[in-house]
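Enquirer: Numbering (our numbering), first residue to last: 945 to 1050.
Dropping a structure here in structure tokens format, bear with me for questions.
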Amino acid sequence: MNADYKSCLSALERCREACNVCYHACLKEEKPMMKCIELDRECADICAYTLHAMERSSKFVQRILSLCAEICDACGAECHSHDQQHCRDCAEACFKCAEECRMLVT
């Protein structure tokens, strides 16, 4: 596995984890942030799936990476619109993950 893949795999794992932290924290907010919660779930799920697809060298990995980047951008944008630190951390991880995924799309 080349260094580019390792960097992307690491970003995917960090993003998945940040989305899960944000998801659980958003559920505990006084007024749950439903759009953020929904996108956190979508993003964590696609990051996990993308990790698996890359590890098994799926023939669909290019399309999966593109979709992952799109979902990460959407989640990052939503999280960035909130002031909570868990949302800010999630947005940063999402944007980094989207960037890493796009670097591998040919």
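Where a beta carbon is used, it is the ideal one built from N, C-alpha and C, also for glycine.
(1) Would you mind working out which of F1004, C980 and F1039 sits nearest N964, comparing C-alpha positions?
(2) Measure the Cβ-Cβ separation of C970 and M977 and say whether it is below 8 Å.
(3) R985 by DSSP, collapsed to three states: which one?
(4) Going along the chain, which residues of its own chain have a beta-carbon closer than 7 Å to the beta-carbon of L953, five neighbours each way excluded?
(5) Return helix, strand or coil for M1004, following the three-state DSSP convention.
(6) Enumerate in chain order the residues of its own chain whose CB-to-CB distance from H1111 is below 8 Å, with the five nearest sequence positions on each side excluded.
(7) Do you know whose CA, among R1000, E1014, E974 and H1030, lies nearest E1043's CA?
(8) Could you check which residue in F1004, K972, A992 and Q1028 has the C-alpha nearest to that of C1016?
Expert: For this structure:
(1) Residue 964 sits at position 20 when you count from the first residue of the sequence shown. When each option's Cα is compared against that of N964, the closest is C980.
(2) Within the sequence shown, numbered from 1, the residue matching residue 970 stands at position 26. Within the sequence shown, numbered from 1, the residue matching residue 977 stands at position 33. Contact flag set, yes.
(3) As a working note, residue 985 is residue 41 in the sequence shown. Three-state result, R985: helix.
(4) Counting from one through the sequence shown, the residue named residue 953 turns up at place 9. Closer than 7 Å at Cβ, skipping near neighbours: L995 and M998.
(5) The sequence position of residue 1004 within the sequence shown is 60, counting from 1. According to the sequence provided, residue 1004 is Phe. The question's Met does not apply to it. Reduced to three states, the DSSP call for F1004 is coil.
(6) Outside the shown range of the chain, which is 945 to 1050, sits residue 1111, and nothing can be said about it.
(7) Within the sequence shown, the letter at position 99 stands for residue 1043. If we check each option's Cα against that of E1043, E1014 comes out closest.
(8) Here residue 1016 is taken as the residue at index 72 of the sequence shown, counted from 1. Comparing Cα-Cα distances from C1016 to each of F1004, K972, A992 and Q1028, the minimum goes to A992.
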